[in-house]
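Accompanying notes for the structure given below.
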Amino acid sequence: MTDHTTAPASGAHPARTGPSGGGDGHAAGAGGEHGGGGHGGGTTAIIAALGANLGIAVAKFVAFLITGASSMLAEAIHSVADSGNQVLLLVGGKRSRRAATPEHPFGFGRDRYIYSFIVAIVLFSVGGLFAIYEGVQKVREEAEVESQTVAIVVLLVAIALESFSLRTALKETNAVRKPGESYWAFIRHARAPELPVVLLEDSAALTGLAFALVGVSLSALTGESLYDGLGTIAIGLLLVAVAAVLAIETKSLLVGESATPDAQRQIVAALVDGGSVQSVIHMRTQHLGPEELLVAAKIAVRHDDTAEAVAHAIDAAEARVRAAVPIARVIYLEPDIRWSQTPAGR
0 MTDHTTAPAS GAHPARTGPS GGGDGHAAGA GGEHGGGGHG GGTTAIIAAL GANLGIAVAK
60 FVAFLITGAS SMLAEAIHSV ADSGNQVLLL VGGKRSRRAA TPEHPFGFGR DRYIYSFIVA
120 IVLFSVGGLF AIYEGVQKVR EEAEVESQTV AIVVLLVAIA LESFSLRTAL KETNAVRKPG
180 ESYWAFIRHA RAPELPVVLL EDSAALTGLA FALVGVSLSA LTGESLYDGL GTIAIGLLLV
240 AVAAVLAIET KSLLVGESAT PDAQRQIVAA LVDGGSVQSV IHMRTQHLGP EELLVAAKIA
300 VRHDDTAEAV AHAIDAAEAR VRAAVPIARV IYLEPDIRWS QTPAGR
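Residue numbers for the sequence shown follow numbering that gives the first Met the number 0, beginning at 0 and rising by one.
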């Protein structure tokens with residue numbers, strides 16, 4: 000994106016100089032590049048998952064037509080839903096890069112969150128509820144599963160392909176995951192939704208394939224289709240649970256999450272590092288998108304500084320923040336002299 004270091008951010012008020020006892024703040028433009036605290040878009044993982052799911056979906060549908068196994072149909076629909084979800088993630092990523100407009104002055108970064116929330120809805124309805132319904136029907140009807148060997152071979156191939164997709168997602172995740180951070184913590188704390196979505200989907204897909212394999216194998220050994228139906232229900236319940244986790248986490252991002260604690264500490268340290276800013280009275284941050292951060296802070300300056308000195312201090316503080324946390328792309332700083340003479344703050 001264009002570097003707005005010297006120009007006001009789109010939609011921001013022009014810069015005000017001089018001390019203020021609570022009036023207008025000083026608006027800073029968006030910093031240059033994406034980066035810093037984001038967890039990455041995971042495009043490679045999305046494309047790998049999309050390719051794997053399309054191939055798997057075709058194989059599963061063929062296996063269902065041959066065997067009549069409900070778990071194969073549930074898994075086929077699951078793969079179709081996953082493929083659609085990956086397309087949604089790619090579309091959301093593209094739409095989020097649109098330029099800001101007067102109606103949307105902070106841009107469209109949250110489109111990535113919206114499309115991830117749609118993914119959760121699709122996974123819940125198309126994947127989870129359909130699988131539960133199909134499994135219940137299978138248990139009631141007790142239809143015979145034919146050509147179980149075909150189903151087992153297809154499931155084993157699908158497990159191999161899904162393992163490749165999950166391996167790609169794990170590789171991208173490990174490149175941005177903090178040392179010692181668990182995968183669950185990464186999913187909970189990530190501000191970019193794509194990698195957590197792919198991780199959860201691929202993990203659910205492998206677990207679902209295991210359920211289907213157990214169900215079909217038991218049906219083949221016992222001649223009872225009950226196990227195939229139970230495996231299908233287990234797949235549905237798994238997808239509903241994963242969809243619920245995705246919905247909860249994405250909802251939090253949609254409502255608006257602050258910067259990570261590490262990023263907040265870096266911002267505060269950068270603000271006071273130059274010496275001209277005495278302290279940070281209070282600060283608020285919010286992600287406008289995975290890689291765009293809004294920072295608003297009231298800072299204490301020396302009471303004997305001139306208006307020109309305060310303006311220079313604010314400009315320098317903004318530059319330090321952008322250097323420390325590059326995703327801080329919109330910065331509002333309000334100078335205040337009322338508390339600058341009290342080192343302990345209020």
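By construction, the Cβ of each residue, glycine as well, lies at the ideal position given by its N, Cα and C atoms.
Small disclaimer: the values here were computed from a predicted structure and weren't measured.
Tell me which same chain residues have a C-beta within less than 7 Å of the C-beta of residue i, skipping the five on either side of it?
i: S202; result: L165
i: L217; result: Y226
i: V271; result: S278 and V279
i: V118; result: N84, L87, L88, V196 and L245
i: V152; result: none
i: L72; result: F63 and E133
i: V79; result: A56
Quick one: Cα of residue i to Cα of residue j, how far?
i: V86; j: A44; result: 12 Å
i: H286; j: V254; result: 10 Å
i: E317; j: E133; result: 58 Å
i: T42; j: A189; result: 15 Å
i: I326; j: T249; result: 20 Å
i: A68; j: H77; result: 14 Å
i: S115; j: E333; result: 35 Å
i: W350; j: G106; result: Nothing in the structure corresponds to residue 350, since the chain is present only between 0 and 345.
i: A168; j: D303; result: 55 Å
i: F163; j: L49; result: 12 Å
i: A62; j: V294; result: 54 Å
i: R139; j: S82; result: 30 Å
i: A51; j: T206; result: 16 Å
i: G274; j: A262; result: 20 Å
i: V320; j: V267; result: 8 Å
i: A99; j: R328; result: 13 Å
i: F210; j: A159; result: 15 Å
i: F185; j: T305; result: 46 Å
i: G54; j: G228; result: 24 Å
i: Q265; j: G108; result: 23 Å
i: F129; j: I247; result: 21 Å
i: A157; j: A47; result: 14 Å
i: Q136; j: K170; result: 39 Å
i: R97; j: H311; result: 32 Å
i: I234; j: E74; result: 8 Å
i: A191; j: A322; result: 21 Å
i: E180; j: E193; result: 18 Å
i: T284; j: A269; result: 15 Å
i: L237; j: G127; result: 7 Å
i: P104; j: E307; result: 29 Å
i: L208; j: V276; result: 58 Å
i: I131; j: A58; result: 21 Å
i: L122; j: A315; result: 47 Å
Leaving aside the five residues before and after residue i along the sequence, list all residues of the same chain whose C-beta is less than 6 Å from its C-beta, in chain order.
i: Q147; result: V215 and A219
i: V241; result: L199 and A203
i: I65; result: S146 and V149
i: L212; result: L154
i: M379; result: In this structure the chain extends from 0 to 345, so residue 379 is not present and cannot be described.
i: G91; result: D110, R111 and Y114
i: G35; result: Model confidence at G35 stands at a pLDDT of 36, short of 50, so the residue's coordinates are unreliable and nothing is read from them.
i: A27; result: Unreliable positioning characterises A27 in this predicted model, as indicated by a pLDDT of 39, which lies under 50. The coordinate reading is nonetheless provided below. Excluding positions up to five away in sequence, the list reads E317 and I330.
i: F60; result: A75
i: E102; result: none
Let me know the secondary structure DSSP gives residue i once reduced to three states.
i: R176; result: coil
i: E333; result: strand
i: S202; result: helix
i: S95; result: coil
Which stretch, first to last residue, makes up the alpha helix (DSSP H) that contains residue i?
i: G54; result: T42 to T66
- [ ] Could you name each continuous alpha helix (DSSP H) segment of 4 residues or more that falls completely within the region 222-276, going from the start of the chain to the end?
- [x] Within the region 222-276, the complete alpha helix (DSSP H) runs of at least 4 residues are 225-254 and 260-271.
Open item on the list: I'd like the ranges of any beta strand (DSSP E) spanning at least 3 consecutive residues and lying wholly in the region 281-331.
Closed with: For the region 281-331, the continuous beta strand (DSSP E) assignments of 3+ residues that do not extend past its boundaries occur at 291-300, in sequence order.
Task: alpha helix (DSSP H) runs contained entirely in the region 120-197, provided each spans 4 or more residues - done: List check, alpha helix (DSSP H) in window: 129-140, 147-175 and 182-188.
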